[in-house]
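J.: In my numbering, the protein residues as written are 5 to 148.
Written out as structure tokens, the structure reads:
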């Protein structure tokens with residue numbers, strides 16, 4: 005017997021073999037195998053789509069986390085620099101108002117207010133209240 009598609013083929017392969025029960029069985033077995041493989045491929049495609057969807061979500065989460073980390077680092081760097089920005093601005097003049105310091109430092113009003121209060125309490129900056137305005141100046145070492 006010869007082998008045909010992994011199956012035994014009767015001696016003297018002929019047209020009669022195609023019409024025989026053996027050929028029908030051979031074809032049915034191949035059809036079942038083909039359907040089993042197609043089912044397996046479909047399951048693999050579904051799993052691949054689920055994997056790609058999960059990967060896409062993970063990439064989005066990663067991007068969001070990277071942006072958040074970058075934004076936090078940028079904000080932290082800016083916040084850490086506020087006292088230096090205030091000192092630099094005040095070192096160029098005798099005194100400045102809050103609005104002038106806002107313009108010079110380019111930070112938000114709440115941030116500047118927070119750091120000015122801290123710098124005043126630490127004795128780095130002096131707060132001078134006049135009739136109509138509040139001015140800030142660097143505390144001089146010879147000052148009190």
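Note that beta-carbon positions come from the ideal geometry of N, C-alpha and C, so glycine has one too. All of these numbers come straight from a predicted model, not from anything done at the bench.
Applying the 10 Å Cβ sphere with the 16-neighbour rule, what's the burial state of residue 42?
T.: Numbered from 1 along the chain shown, position 38 holds the residue referred to as residue 42. The residue is exposed, with fewer than 16 neighbouring Cβ atoms inside 10 Å.
J.: Determine the burial state of residue 120: buried for a count of at least 16 other Cβ atoms within 10 Å of its Cβ, exposed for fewer.
T.: The count along the chain shown starts at 1 and reaches residue 120 at position 116. Looking at its Cβ environment, which holds 16 or more other Cβ atoms inside 10 Å, residue 120 is buried.
J.: In the DSSP assignment, find the beta strand (DSSP E) that holds residue 157 and state where it starts and stops.
T.: Since the first residue of the chain shown is 5 and the last is 148, residue 157 is not available in this structure.
J.: Using only CA atoms, which one of 101, 106 and 107 lies nearest to residue 131?
T.: The residue you call residue 131 lines up with position 127 of the chain shown. Per the Cα distances, 101.
J.: If you pair each beta-carbon of the stretch 134 to 146 with each one of the stretch 89 to 104, do three or more pairs fall below 8 Å?
T.: Output reads yes: the stretch 89 to 104 touches the stretch 134 to 146.
J.: Short check: CB of residue 113 to CB of residue 106, under 8 Å?
T.: Your numbering for residue 113 matches position 109 in the chain shown. Your numbering for residue 106 matches position 102 in the chain shown. In this structure, residue 106 lies closer than 8 Å to residue 113 by Cβ.
J.: Report yes if the C-beta distance between residue 109 and residue 90 is below 8 Å; otherwise report no.
T.: Numbered from its first residue, the chain shown carries residue 109 at position 105. Numbered from its first residue, the chain shown carries residue 90 at position 86. Yes, these two residues count as a Cβ contact at 8 Å.
J.: Quick one: what does DSSP say residue 133 is sitting in, helix, strand or coil?
T.: One-based indexing of the chain shown puts residue 133 at position 129. Reduced to three states, the DSSP call for residue 133 is strand.
J.: Within 10 angstroms of the Cβ of residue 123, are there 16 or more other Cβ atoms? Answer buried if so, exposed if not.
T.: Indexing the chain shown from 1 puts residue 123 at position 119. Buried.
J.: If you reduce the DSSP assignment to three classes, tell me which class residue 141 lands in.
T.: As a working mapping, residue 141 is identified with position 137 in the chain shown. Strand at residue 141.
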